[in-house]
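Trainee: Take this structure, written in structure tokens, and hold onto it; I'll ask about it next.
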Amino acid sequence: MGVAKYTKNEKDAIQSVEYQSGIQIKPVYTPADLEAVGFDYASDLGDPGEYPFTRSLHPLGYRSRSWTTRQYTGFGTPEETNKRFKYMISHGQTGLNVAFDLPTQMGFDSDDPQALGEVGRVGMAVDSLRDFEIAFEGIPLDRIGSGLTINAIACIMLAMYQALAEKRGYPIDRISATPQNDILKEMIGRGAWIFPVDHGVRLVGDSIAYSMKHLPRCNPVSICGYHIRESGATPAQEIACAFEIAKAYIDNVTARGIPAHDFVGRFSFNLNVFGNLWEQIAKFRAARKLWAKILREEYGIQDKKKLFLRGLFGGGGSGLTKEQPENNIMRSAFYALGAALSGAQTTALCSFDEAYTIPTPRAALLSLRTLEIIMDEVGLRDTVDPLAGSYFIETITKQMEEKIQAEMAAIQEVGGMVAAVSSGFIQRKVAQQAYEFEKGLQSGEYVKVGLNKYTEDDDVVPEVDLHEHNEAWVDLQIKRLADLKQSRDNAAVKNCLHDLEKGVQKGDNVMPLLVACCREYTTVGEMTAVLRQVFGEWQEPGLF
Amino acid sequence: MPEKKIKILIAKPGLDGHDRGAKIVALALRDAGMEVVYTGLHQTVEQIVNTAMQEAVDMIGLSIMSGAHLPICEKLLTLMHAENMQDIAVVVGGVIPARDVQPLKKLGIQGVFPGGTPFEVFINEINEISNQQ
Numbered sequence: 001m002g003v004a005k006y007t008k009n010e011k012d013a014i015q016s017v018e019y020q021s022g023i024q025i026k027p028v029y030t031p032a033d034l035e036a037v038g039f040d041y042a043s044d045l046g047d048p049g050e051y052p053f054t055r056s057l058h059p060l061g062y063r064s065r066s067w068t069t070r071q072y073t074g075f076g077t078p079e080e081t082n083k084r085f086k087y088m089i090s091h092g093q094t095g096l097n098v099a100f101d102l103p104t105q106m107g108f109d110s111d112d113p114q115a116l117g118e119v120g121r122v123g124m125a126v127d128s129l130r131d132f133e134i135a136f137e138g139i140p141l142d143r144i145g146s147g148l149t150i151n152a153i154a155c156i157m158l159a160m161y162q163a164l165a166e167k168r169g170y171p172i173d174r175i176s177a178t179p180q181n182d183i184l185k186e187m188i189g190r191g192a193w194i195f196p197v198d199h200g201v202r203l204v205g206d207s208i209a210y211s212m213k214h215l216p217r218c219n220p221v222s223i224c225g226y227h228i229r230e231s232g233a234t235p236a237q238e239i240a241c242a243f244e245i246a247k248a249y250i251d252n253v254t255a256r257g258i259p260a261h262d263f264v265g266r267f268s269f270n271l272n273v274f275g276n277l278w279e280q281i282a283k284f285r286a287a288r289k290l291w292a293k294i295l296r297e298e299y300g301i302q303d304k305k306k307l308f309l310r311g312l313f314g315g316g317g318s319g320l321t322k323e324q325p326e327n328n329i330m331r332s333a334f335y336a337l338g339a340a341l342s343g344a345q346t347t348a349l350c351s352f353d354e355a356y357t358i359p360t361p362r363a364a365l366l367s368l369r370t371l372e373i374i375m376d377e378v379g380l381r382d383t384v385d386p387l388a389g390s391y392f393i394e395t396i397t398k399q400m401e402e403k404i405q406a407e408m409a410a411i412q413e414v415g416g417m418v419a420a421v422s423s424g425f426i427q428r429k430v431a432q433q434a435y436e437f438e439k440g441l442q443s444g445e446y447v448k449v450g451l452n453k454y455t456e457d458d459d460v461v462p463e464v465d466l467h468e469h470n471e472a473w474v475d476l477q478i479k480r481l482a483d484l485k486q487s488r489d490n491a492a493v494k495n496c497l498h499d500l501e502k503g504v505q506k507g508d509n510v511m512p513l514l515v516a517c518c519r520e521y522t523t524v525g526e527m528t529a530v531l532r533q534v535f536g537e538w539q540e541p542g543l544f
Numbered sequence: 001m002p003e004k005k006i007k008i009l010i011a012k013p014g015l016d017g018h019d020r021g022a023k024i025v026a027l028a029l030r031d032a033g034m035e036v037v038y039t040g041l042h043q044t045v046e047q048i049v050n051t052a053m054q055e056a057v058d059m060i061g062l063s064i065m066s067g068a069h070l071p072i073c074e075k076l077l078t079l080m081h082a083e084n085m086q087d088i089a090v091v092v093g094g095v096i097p098a099r100d101v102q103p104l105k106k107l108g109i110q111g112v113f114p115g116g117t118p119f120e121v122f123i124n125e126i127n128e129i130s131n132q133q
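One line per chain: the protein sequences are A and B, in this order.
According to my numbering, the residues represented by the first sequence are 1 to 544, in order.
According to my numbering, the residues represented by the second sequence are 1 to 133, in order.
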């Protein structure tokens, strides 16, 4: 999955190399190659911290500050998740990234019939502000930023985070939350969507418009190439899709009369690192440059600081294998290296056992140690963009830029990202590519160590500790919810929900209405039911 | 005598949204000459049963990545039994730990294909199951 295409002769000499994004790789690169692609330091790279930021967003890169580490974390009850948060922070993790269970992601309470079997399984169950209070107990919200991996109801979770901060006495302009909030990518490659496309995009726009005024340290969206790559997109397509998605959100907000330069600086990205190391590095450098170019040339943004492609470049799960799971430790180390050589602001890795299970504490810790070793031991903080000037890297960075632009043009040709997603165009494309890659894996055309080469005789999946799903936690969660519904001010809840319904129908920004609901311990299910009622549910094209 | 084309419903039950595997299997089965219908995401067990009836399928293939395969399969098979649909075989794929294969088969699931199962393996097994139907 996602390594290059090699042809070899009978002596195992490599005769050709083609990266997934379509770039042919030569055996040797020289100054002549830089000339051939018209490489120019000032216009193609710029110094670190200078437009177009190919080398780095900041002049000093990791010399001034190491990266932020945020392992995706959450399971069971808020109590269990809080314990794991504290465990990771005590071991040096510098930010949080919250995993929610599927009922929460899909806007159902833990006692909903649709939640059966899923409560607390793939993430933490959150039914109300009460759960956030427990999950974040003892976490200093002004010093630790929280990624919230939530999309269809990101606006609800962001509102809940604000309500939490208020309750705990933090000024809301000090808190830093990054709800993932990228509904278009859900519709392509992650599947946790609820509402029809236009309504989903409207909610994203609402949270951006609200956040820029009231939550200035929050990043209201984290636009995800990550999942699109996981679904079968090439690295060039990953960036192209992310940028076209970003444009769809920008356009939704500018249509409200808000200029792009007022909010685009808080956009962040969530991008994938797996597969061929060099292709990843070229991808990120080209992406940084292209994003700055697009914002400046297409949206007229001049302020340097607003042109930054700030991102979590994270180790991809689909690069890892069930077979010989300890190999995943090494793979993830190389992915982390790729992220560091690409100047990632923030990073995370899938844990070595994550192909089967919620990470055990040991596995999660190994991921964190990998990231710490890269920064603190082997020299990735020494200098900015160390590969700059490489005949190879600069040539393929330029070629990658062209590939990304070509993929963006293909999306524009079908009417842009909203149209491409609504029709199923993108979904079909990535599914068919995924099928081709799988065929290549099964035929051995794409080498995967331990899977189709250097396999081990005992075909039995080794004894990896499995995280146990605990039914007692489910009971606890459901009981807590029942108690909450007794003890809260139900008249206030009723009024808030009424106001929410009216406001949504009128086209008001949903955020203040949701904050008011959250303060009264209105549940996720209750708020989402209102939105479902007003918006309806998406009927996906289901193409493959 | 021409063999009747196997018609299979690939279904995504429950809330899990990971459909890459389901779509890959759908494409592989189509290439192997079967007729494939895909339900799309977020199907309840009731919806899957209804679609299976409407489409008059021979087989249902569930794709479950969230770990909730045992409760979901139990619910589906119980409903199918109540609707007298025992002639429709059910197979399941996704993130299935080895230790759950036997419990699934005990429930009545006829094929278990965890992620990474080679195409020939599940295509052959599905053909086998179909021959015995």
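Virtual Cβ for every residue (Gly too), placed ideally from N, Cα, C.
Since this is a predicted model, take the numbers as computed values, not measurements.
Tell me, please, whether the CB atom of K23 of chain B is closer than 8 angstroms to any CB atom in chain A?
Mentor: Answer yes: the Cβ-Cβ gap between K23 of chain B and chain A drops below 8 angstroms somewhere.
Trainee: Examine chain B for any beta-carbon lying closer than 8 angstroms to the beta-carbon of R121 of chain A, and answer yes or no.
Mentor: It does: the Cβ of R121 of chain A has a partner Cβ on chain B nearer than 8 angstroms.
Trainee: For F392 of chain A, which residues of its own chain have a beta-carbon under 6 angstroms away from its beta-carbon, when the five flanking residues on both sides are left out?
Mentor: Answer for F392 of chain A: Y29, listed in chain order.
Trainee: Do T69 of chain A and L371 of chain A have their beta-carbon atoms positioned less than 8 angstroms apart in this structure?
Mentor: Yes, Cβ-Cβ distance for L371 of chain A and T69 of chain A is below 8 angstroms.
Trainee: Between the Cα of I245 of chain A and the Cα atoms of A:I223, A:R84, A:M375, which residue gives the shortest distance?
Mentor: The candidate whose alpha carbon is nearest that of I245 of chain A is A:I223.
Trainee: To the nearest angstrom, how far is the alpha carbon of A364 of chain A from that of S351 of chain A?
Mentor: A364 of chain A and S351 of chain A: Cα-Cα distance of roughly 6 angstroms.
Trainee: Could you tell me the boundaries of the alpha helix (DSSP H) in which M53 of chain B lies?
Mentor: First-last of the alpha helix (DSSP H) with M53 of chain B: 45-55.
Trainee: Counting pairs of Cβ atoms below 8 angstroms between the stretch 239-254 of chain A and the stretch 209-228 of chain A, do you hit three or more?
Mentor: Taking 8 angstroms as the limit for Cβ pairs, the verdict is that the stretch 209-228 of chain A does touch the stretch 239-254 of chain A.
Trainee: Quick one: which chain A residues come within Cβ less than 7 angstroms of H18 of chain B?
Mentor: By Cβ distance, chain A contributes G191.
Trainee: Spatial neighbours of L141 of chain A within its chain, please: CB distance less than 6 angstroms, with the 5 preceding and 5 following residues excluded, ordered by chain position.
Mentor: Cβ neighbours of L141 of chain A beyond the five flanking positions: A165, Y170, I175.
Trainee: Going by C-alpha to C-alpha distance, which of B:H42, B:I126, B:H81 sits closest to K146 of chain B?
Mentor: The displayed coordinates of chain B run from 1 to 133. Any statement about residue 146 of chain B would go beyond what the structure contains.
Trainee: State yes or no: is the beta carbon of G2 of chain A nearer than 8 angstroms to at least one beta carbon in chain B?
Mentor: Annotation note: pLDDT 47 at G2 of chain A (below 50); position unreliable, coordinate value reported separately. Cβ-Cβ to chain B under 8 angstroms: no for G2 of chain A.
Trainee: Tell me the DSSP secondary structure of Q15 of chain A in three-state form.
Mentor: Note: Q15 of chain A maps to strand in three-state DSSP.
Trainee: Whole angstroms is fine: what's the gap from L558 of chain A's alpha carbon to L295 of chain A's?
Mentor: Residue numbering for chain A in the displayed model covers 1 to 544; residue 558 of chain A lies beyond these limits and cannot be assessed.
Trainee: Does the distance from the CB of I228 of chain A to the CB of V264 of chain A come in under 8 angstroms?
Mentor: No, the pair does not count as a contact, with Cβ atoms beyond the cut-off.
Trainee: Name the two residues that bound the continuous alpha helix (DSSP H) containing Y391 of chain A.
Mentor: Where Y391 of chain A is concerned, the enclosing alpha helix (DSSP H) stretches over 391-413.
Trainee: Let's see if you can read the secondary structure: which residues bound the beta strand (DSSP E) around G567 of chain A?
Mentor: An answer regarding residue 567 of chain A cannot be provided, because it is not within the stretch 1 to 544 covered by chain A.
Trainee: Starting from C496 of chain A, follow the alpha helix (DSSP H) in both directions and report where the run begins and ends.
Mentor: From DSSP, the alpha helix (DSSP H) with C496 of chain A extends over 490-506.
Trainee: If contacts are defined as beta-carbon pairs under 8 angstroms, then V18 of chain A and K5 of chain A qualify, I think. What distance do you get, rounded to the angstrom?
Mentor: Residue identity check: residue 18 of chain A is Glu in the sequence provided, not Val. The pair is a contact, with the Cβ atoms about 5 angstroms apart (cut-off 8 angstroms).
Trainee: Spatial neighbours of I88 of chain B within its chain, please: C-beta separation below 8 angstroms, excluding the five flanking residues on both sides.
Mentor: Cβ neighbours of I88 of chain B beyond the five flanking positions: A52, V57, D58, M59, I60, M80.
Trainee: I want to verify the contact list: residues of chain B whose CB lies under 7 angstroms from the CB of L116 of chain A, in sequence order.
Mentor: Result: P71.
Trainee: I'd like to know if K322 of chain A contacts chain B, where contact means its C-beta is closer than 8 angstroms to some C-beta of that chain.
Mentor: With 8 angstroms as the cut-off, K322 of chain A counts as an interface residue toward chain B.
Trainee: Which stretch, first to last residue, makes up the beta strand (DSSP E) that contains T347 of chain A?
Mentor: Where T347 of chain A is concerned, the enclosing beta strand (DSSP E) stretches over 346-348.
Trainee: Taking the Cβ atom as the reference point for each residue, do L368 of chain A and S110 of chain A lie within a distance shorter than 8 angstroms?
Mentor: For L368 of chain A and S110 of chain A, no; Cβs fall outside 8 angstroms.
Trainee: Taking F544 of chain A as the query, report the chain B residues whose CB atoms sit under 7 angstroms from its CB, ordered along the chain.
Mentor: Correct list: K23, A26, L27, Y38.
Trainee: List the residues of chain A that A68 of chain B touches, going by C-beta distances under 7 angstroms, in chain order.
Mentor: Per Cβ cutoff of 7 angstroms: G117, E118, R121.
Trainee: So the alpha helix (DSSP H) T370 of chain A belongs to, where does it begin and stop?
Mentor: Here the alpha helix (DSSP H) through T370 of chain A covers 361-376.
Trainee: Going by DSSP in three states, T77 of chain A sits in which element: helix, strand or coil?
Mentor: In the structure shown, T77 of chain A sits in coil (DSSP, three-state: anything other than H, G, I, E or B).
Trainee: Answer yes or no: does any C-beta atom of chain A fall closer than 8 angstroms to that of F119 of chain B?
Mentor: F119 of chain B counts as touching chain A.
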